[in-house]
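Trainee:
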Amino acid sequence: MRTLLLLFLFYPATFAFLKFVQIWFRHGERTPGHYIYFPGDDKNNTEWQQIAWPGELTKRGIYEEFQLGKRLREIYGDHFGDTYRPNDFHVYTGVDNRTSASAQAMFAGFLPPNKYQTWNPEILWQPVAQQTDASIDWVSLGAIDNCPVYGVNQQKSSEYAGVMEKMEEIDPELLQLVRDHAFEPITEAVTYNHIIDSLKVRHILDDKRLPYPVWAKGYENRIMNMSFLVHDAIVKIQNSTIGDYHNELIMSYFETHLQKNTSKGVFVSGHDTNLVTIWESLRLDGHPEDIPNYGAHIAIEMHDDFGELSLKFYLSMGFNQTRVELSPHFCTKRQDGRCRWEEFKTLTANSRKPKSDWVFECQGYEKATEPVSTLTGSMIVLLSILLLSTIILGFTTFSYKRQLNNLRDPERTRLL
3 MRTLLLLFLF YPATFAFLKF VQIWFRHGER TPGHYIYFPG DDKNNTEWQQ IAWPGELTKR
63 GIYEEFQLGK RLREIYGDHF GDTYRPNDFH VYTGVDNRTS ASAQAMFAGF LPPNKYQTWN
123 PEILWQPVAQ QTDASIDWVS LGAIDNCPVY GVNQQKSSEY AGVMEKMEEI DPELLQLVRD
183 HAFEPITEAV TYNHIIDSLK VRHILDDKRL PYPVWAKGYE NRIMNMSFLV HDAIVKIQNS
243 TIGDYHNELI MSYFETHLQK NTSKGVFVSG HDTNLVTIWE SLRLDGHPED IPNYGAHIAI
303 EMHDDFGELS LKFYLSMGFN QTRVELSPHF CTKRQDGRCR WEEFKTLTAN SRKPKSDWVF
363 ECQGYEKATE PVSTLTGSMI VLLSILLLST IILGFTTFSY KRQLNNLRDP ERTRLL
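Here it is, written out as structure tokens:
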């Protein structure tokens with residue numbers, strides 16, 4: 003008994019167990035989302051479509067996600083088990099095809115059918131239900147592309163204009179090189195990123211069917227770095243909106259689990275910028291200043307230590323890269339590296355944006371499936387009261403008029 007007490011005092015982590023985990027992961031390798039012709043490109047070339055359609059997963063990208071799934075199974079296999087039960091976890095993907103396709107490929111590696119769920123012995127795969135959430139794509143420059151209201155407002159802001167000024171200060175030579183070889187003016191971050199992204203992806207693909215331009219050779223590292231710098235700068239100016247919305251998602255996933263206590267985890271198939279947004283919004287220390295590679299993931303674990311809940315954060319910068327532990331900057335450092343759940347709730351309490359508010363800010367309308375805001379609810383109650391009062395007044399008026407008509411009867415005239 004004394005030995006157990008000593009172990010509890012000096013090694014409290016030994017008695018904690020994993021209660022819930024949410025895993026945010028990036029899609030696999032893709033083709034450029036925006037196909038841009040550069041000087042020297044053959045405009046009649048369609049061979050690049052054999053790699054994949056614009057913005058879609060390549061065969062190598064599918065394999066990367068499959069390998070990510072196998073790796074996550076090594077880490078969380080005991081927690082989730084080897085039997086697929088839809089209530090054990092939820093899977094959310096963006097509207098972008100590469101996010102939903104990545105989720106399917108990842109689960110092929112993460113949860114192949116056991117002998118009781120095998121439906122075809124030649125195919126060790128089973129379908130896993132997933133839900134589409136368009137807001138997963140509304141991040142960084144994706145928010146400008148997909149949010150008609152928020153995007154326009156941000157493009158008009160001085161902070162957004164400052165991003166391009168900053169990029170020109172950091173690497174004016176690269177910007178001038180791109181301007182000299184692009185067939186369109188480059189005056190804002192969205193356009194610049196489209197071209198940088200196209201160059202970056204061509205370099206990563208290393209495929210003759212979509213060749214990397216000769217004029218850009220020697221600039222590969224600077225192009226990769228610029229891709230991160232543009233997104234990082236945009237994410238920072240979006241921290242009070244999109245950052246707070248990501249905080250809301252993370253916290254609501256945990257809170258829903260604690261209320262119902264029926265699931266073991268959540269998987270979110272998104273983009274590199276979702277991961278950057280999370281480490282910026284939660285102020286996570288320990289991440290590299292670089293863009294997460296294909297198949298990167300952030301895992302946020304909730305542990306239960308005799309009733310005391312705590313969180314641990316892990317980051318892998320690629321599908322086959324080593325995981326490192328991150329820590330929230332403002333959270334009290336514990337011996338086991340965890341952040342107490344109650345403290346974390348307090349730290350994020352004022353940095354959460356409800357989904358209905360973010361949808362309204364992005365699209366200009368409230369999502370019908372979301373709870374109505376306090377103002378909307380108050381207006382509905384007020385209108386209901388006014389309508390009821392009008393009906394009562396109408397019946398009262400009709401009743402008095404009827405009594406007056408009765409009194410006008412010749413036999414009752416004397417009563418008037």
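Take 3 as the starting number for the sequence shown in this note's numbering and just add one per residue. For glycine and all other residues, C-beta sits at the position ideal for the given N, C-alpha and C.
1) Taking the C-alpha atoms as reference points, what is the distance between C333 and L395?
2) Taking the beta strand (DSSP E) that T95 belongs to, which residues open and close that run?
3) Give the DSSP bridge partners of G272, in chain order.
4) Only counting the same chain, and skipping five residues up and downstream in sequence, which positions put a Cβ closer than 8 angstroms to that of R336?
5) G267 by DSSP, collapsed to three states: which one?
6) For T60, collect the residues of the same chain with a Cβ closer than 8 angstroms to its Cβ; drop the 5 residues on either side in sequence, then sort them by chain order.
7) Would a C-beta distance cut-off of 8 angstroms place D246 and K355 closer than the cut-off?
8) Per DSSP, what kind of secondary structure is P213 in: helix, strand or coil?
9) Among the residues of its own chain, which have a CB less than 7 angstroms from the CB of K266, if the five just before and after it don't count?
10) How big is the Cα-Cα spacing for F315 and T348?
11) Which residues bound the beta strand (DSSP E) around I424?
12) Is it true that the stretch 351-366 meets the stretch 131-148, where meeting means three or more beta-carbon pairs spaced less than 8 angstroms apart?
13) Leaving out five residues before and five after L201 in sequence, what residues of the same chain have Cβ atoms less than 6 angstroms from its Cβ?
14) Tell me, which residues are paired with F22 by DSSP?
15) The alpha helix (DSSP H) that contains L179, what's its start and end?
16) The beta strand (DSSP E) with S242 in it runs from where to where?
17) Should G272 and I138 be called a contact, given that it needs their Cβ atoms to be closer than 8 angstroms?
18) Leaving aside the five residues before and after T193 along the sequence, list all residues of the same chain whose C-beta is less than 7 angstroms from its C-beta, in chain order.
19) Take the Cβ of H400 as the centre, count every other Cβ of all protein chains shown within 10 Å, and call the residue buried at 16 or more, exposed below.
20) Out of D44, A103, F68 and P41, which one is the CA nearest neighbour of G320?
21) In whole angstroms, give me the CA-to-CA distance for T243 and N195.
22) Roughly how many angstroms lie between the CA atoms of M304 and N46, to the nearest whole one?
23) By a C-beta neighbour count over all protein chains shown, 10 Å radius and 16 as the cutoff for buried, is P123 buried or exposed?
24) Return the residue from the list A110, E49 and D98 that minimises the CA-CA distance to K72.
25) Considering just the uninterrupted stretch of the alpha helix (DSSP H) at F346, what are its terminal residues?
26) What's the C-alpha gap between D307 and G339?
27) Kindly indicate the opening and closing residues of the beta strand (DSSP E) around Y316.
28) Between the stretch 165-174 and the stretch 117-132, are three or more C-beta pairs nearer than 8 angstroms?
Mentor: Reading it off the structure:
1) Stepping through the sequence shown from its first residue, residue 333 is reached at position 331. Stepping through the sequence shown from its first residue, residue 395 is reached at position 393. Using only the alpha carbons, I get a separation of about 60 angstroms.
2) The sequence position of residue 95 within the sequence shown is 93, counting from 1. That run of the beta strand (DSSP E) goes F91 to T95.
3) For the purposes of this step, residue 272 is taken as the residue at position 270 of the sequence shown. For G272, which the question treats as bridged, DSSP gives the partners R28.
4) Position 334 of the sequence shown, counting from 1, holds the residue named residue 336. So the list reads S312 and R342, once near-sequence residues are dropped.
5) As a first step, residue 267 must be located in the sequence shown, where it is residue number 265. DSSP places G267 in strand when its eight states are reduced to three.
6) Looking up residue 60 in the sequence shown gives position 58. Here the set comprises G30, E31, R32, T33, I53, A54 and L207.
7) Reading the sequence shown from its first residue, position 244 is the one you call residue 246. Reading the sequence shown from its first residue, position 353 is the one you call residue 355. Going by C-beta atoms, D246 is nearer than 8 angstroms to K355.
8) Along the sequence shown, one-based indexing puts residue 213 at 211. Residue state, collapsed to three classes: coil.
9) Locating residue 266 in the sequence shown gives position 264, counting from the first residue. The answer, listed in chain order, is F22, H81, F82, D90 and F91.
10) Counting from one through the sequence shown, the residue named residue 315 turns up at place 313. Counting from one through the sequence shown, the residue named residue 348 turns up at place 346. Going from the Cα of F315 to the Cα of T348 covers about 17 angstroms.
11) No statement about residue 424 is possible, as the shown extent of the chain runs from 3 to 418 and does not include it.
12) yes
13) The sequence position of residue 201 within the sequence shown is 199, counting from 1. These residues qualify, in order along the chain: A218 and I225.
14) Residue mapping note: residue 22 aligns to position 20 of the sequence shown, counting from 1. M304.
15) Residue mapping note: residue 179 aligns to position 177 of the sequence shown, counting from 1. Element bounds for L179: P174 to H183.
16) The count along the sequence shown starts at 1 and reaches residue 242 at position 240. Segment: none, S242 is in no beta strand (DSSP E) and carries neither H nor E.
17) Along the sequence shown, read from residue 1 onward, the residue named residue 272 stands at position 270. Along the sequence shown, read from residue 1 onward, the residue named residue 138 stands at position 136. Going by C-beta atoms, G272 is nearer than 8 angstroms to I138.
18) By one-based count along the sequence shown, residue 193 stands at place 191. Cβ neighbours of T193 beyond the five flanking positions: E186.
19) Numbered from 1 along the sequence shown, position 398 holds the residue referred to as residue 400. It should be pointed out that residue 400 corresponds to Phe in this sequence rather than to His. When all chains shown are included, F400 counts as exposed.
20) Stepping through the sequence shown from its first residue, residue 320 is reached at position 318. With distances taken between Cα atoms, G320 lies closest to F68.
21) Numbered from 1 along the sequence shown, position 241 holds the residue referred to as residue 243. Numbered from 1 along the sequence shown, position 193 holds the residue referred to as residue 195. The straight-line gap from Cα to Cα measures roughly 21 angstroms.
22) In the sequence shown, counting from the first residue as 1, residue 304 sits at position 302. In the sequence shown, counting from the first residue as 1, residue 46 sits at position 44. Rounded to the nearest angstrom, the two C-alpha atoms are 53 angstroms apart.
23) Your numbering for residue 123 matches position 121 in the sequence shown. Exposed.
24) For the purposes of this step, residue 72 is taken as residue 70 along the sequence shown, with counting starting at 1. Of A110, E49 and D98, the residue nearest in Cα terms is A110.
25) Locating residue 346 in the sequence shown gives position 344, counting from the first residue. Its alpha helix (DSSP H) spans residues W343 to T350.
26) What you label residue 307 is simply residue 305 of the sequence shown in a count that begins at 1. What you label residue 339 is simply residue 337 of the sequence shown in a count that begins at 1. Cα to Cα, D307 sits roughly 14 angstroms from G339.
27) Taking the first residue of the sequence shown as position 1, residue 316 is located at position 314. Unbroken beta strand (DSSP E) run through Y316: E310 to S318.
28) no
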